[in-house]
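Novice: Below is the structure I would like to discuss, written out as structure tokens.
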Amino acid sequence: MTDRNPKPTKAERTAAAREQARALREAQQKKERRNRLLVIWGVVVAIVAVIAIVAVIVVNSMGKDIANTGTSPANANEYGGFTLTSTTALEPTETFDFDTETLPAAPEEAAEETPIPPGVEAASKGEPVRVVEYVDINCVHCADFAATYDDQISQWLDAGEITYEYRTVAFLDRNSTSNYSSRGANAAACVADQSPESYWDFMKAIFAQHASGEVKNAELVDMAASVGADTEGMEDCIDDGTYRPFVKYADQLARVDGINGTPTAFVNGEEADLNTFVETVQAAIDANK
């Protein structure tokens, strides 16, 4: 009788054992490689997390070092702004002391519509139309707005048809490792304080270079000099962050007043549609004559 299930020969058993051993080795090697990759990626993720945490701590600590109290720059108003009466003149004001800790808290949720902040009300009949713009030095949309409308704004200003107030905020410091929004606003405040006749040109220049990225303090000093600002004392004002407390005050005021984006513009007491900005201002000018 023939055996239908013959036992494997010794050679076959040896080959099967070798194949099983080879398969086990490959499985073990794959497992070891996978574990090594997991360890490597775990280390990478941990390093990235540490770097991110350090960056946040650095940025936050930089902001926390700014004093809550101070004295305003010359030509600043109580709303944290500087008002141009022409392209070479700022409306003079008395300096004042401030304390950001006495300001109300900003609303926790943004309103559906931006409330009307104080100090943007309509000018009286026969007076220049009041235009107020909230800007962030590091804001690309503010730079685009300036590139589009600055020439027209210059014409209105020098014709005495409008006043133009900049209120600088620092919303985008959260995205900057150097607090560029605050540093740029401080530099603008230094120019407003020491060389008000150059303030408009400095604001134009700082937005014109936006595409080149954030600039260092030395470059802000050079920019001020390039528009004719008196540089005596300017370097110290910019390097020392002399008006960073005022920038903090202006930024917090804007948040309290419900401003949550830039640019935001008001024309004679009403928020303007930026897509029809020229038409809105011109209509206000015509109505105010």
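For the sequence shown, this note's numbering assigns the number 7 to the initial residue and increments by one for each residue that follows.
For glycine and all other residues, C-beta sits at the position ideal for the given N, C-alpha and C.
Treat the numbers as computed from the prediction; the structure is a model and nothing was measured.
#1: Please state whether the Cβ-Cβ distance between residue 121 and residue 262 is less than 8 Å.
#2: Given that a residue counts as buried once 16 or more other Cβ atoms are within 10 Å of its Cβ, and exposed if not, what is residue 254?
#3: Here's a check: name, in chain order, each residue in its chain whose Cβ is nearer than 6 Å to the Cβ of residue 123, leaving out the five neighbours to either side.
#4: Curious, which full-length beta strand (DSSP E) runs of at least 3 residues does the segment 184–237 contain?
#5: In this structure, how does DSSP classify residue 96 when only helix, strand and coil are distinguished?
#6: Just confirm the distance between the C-beta atoms of residue 252 and residue 195, as a whole number of angstroms; I'd bet it's less than 8 Å.
#7: In this structure, what does DSSP give as the bridge partners for residue 168?
#8: By Cβ distance, which residues of its chain are closer than 6 Å to residue 162, with the 5 residues on each side in sequence left out?
#9: When the Cβ atoms of the segment 210–219 are set against those of the segment 240–247, are three or more pairs found closer than 8 Å?
#10: Would you identify the three-state DSSP class for residue 48, choosing helix, strand or coil?
#11: Would you check if the distance between the CB atom of residue 149 and the CB atom of residue 275 is smaller than 8 Å?
#12: When you compare the segment 131–151 with the segment 174–182, are there three or more beta-carbon pairs, one atom per stretch, that lie closer than 8 Å?
#13: How about residue 233 and residue 199: do their beta carbons lie closer than 8 Å?
#14: With DSSP as the reference, label residue 249 as helix, strand or coil.
#15: Could you tell me the distance, in whole angstroms, from the CA atom of residue 235 to the CA atom of residue 132?
#16: Tell me, which residues are paired with residue 273 by DSSP?
#17: Buried or exposed: which applies to residue 115, given that a residue is buried once 16 or more other Cβ atoms fall within 10 Å of its Cβ?
#18: Between the Cα of residue 155 and the Cα atoms of 81, 281 and 43, which residue gives the shortest distance?
#19: What does the Cβ neighbour count give for residue 265, buried or exposed, with the cut at 16 atoms within 10 Å?
Specialist: According to the structure shown:
#1: Taking the sequence shown and counting its residues from 1, one reaches residue 121 at position 115. Taking the sequence shown and counting its residues from 1, one reaches residue 262 at position 256. Against a cut-off of 8 Å, the Cβ pair of residue 262 and residue 121 comes out as no contact.
#2: Locating residue 254 in the sequence shown gives position 248, counting from the first residue. Result: buried.
#3: Looking up residue 123 in the sequence shown gives position 117. Around residue 123: 263.
#4: none
#5: For the purposes of this step, residue 96 is identified with residue 90 of the sequence shown, where counting begins at 1. Note: residue 96 maps to strand in three-state DSSP.
#6: Position 246 of the sequence shown, counting from 1, holds the residue named residue 252. Position 189 of the sequence shown, counting from 1, holds the residue named residue 195. Yes, residue 252 and residue 195 are in contact; Cβ-Cβ is about 6 Å, under 8 Å.
#7: Locating residue 168 in the sequence shown gives position 162, counting from the first residue. Looking at the DSSP assignment, residue 168 forms a beta bridge with 135.
#8: The residue given as residue 162 occupies position 156 in the sequence shown. Non-local beta-carbon contacts of residue 162 in its own chain, meaning distances under 6 Å to residues more than five positions away in sequence, involve 168 in chain order.
#9: no
#10: Here residue 48 corresponds to residue number 42 of the sequence shown, with the count starting at 1. Note: residue 48 maps to helix in three-state DSSP.
#11: In the sequence shown, the residue the question calls residue 149 occupies position 143. In the sequence shown, the residue the question calls residue 275 occupies position 269. Going by C-beta atoms, residue 149 is not nearer than 8 Å to residue 275.
#12: Yes, the segment 131–151 touches the segment 174–182.
#13: The residue you call residue 233 lines up with position 227 of the sequence shown. The residue you call residue 199 lines up with position 193 of the sequence shown. Contact flag unset, no.
#14: Position 243 of the sequence shown holds residue 249. Here residue 249 carries a coil assignment [DSSP, helix/strand/coil].
#15: On the sequence shown, position 229 is the one that residue 235 refers to. On the sequence shown, position 126 is the one that residue 132 refers to. Computed Cα separation, rounded: 33 Å.
#16: Your numbering for residue 273 matches position 267 in the sequence shown. Its beta-bridge partners are 137 and 276.
#17: Translated into the one-based positions of the sequence shown, residue 115 becomes position 109. Burial call: exposed.
#18: The residue given as residue 155 occupies position 149 in the sequence shown. For the residues 81, 281 and 43, the minimum Cα distance to residue 155 belongs to 281.
#19: Position 259 of the sequence shown, counted from the start, is the residue given in the question as residue 265. Buried, by the Cβ-count rule.
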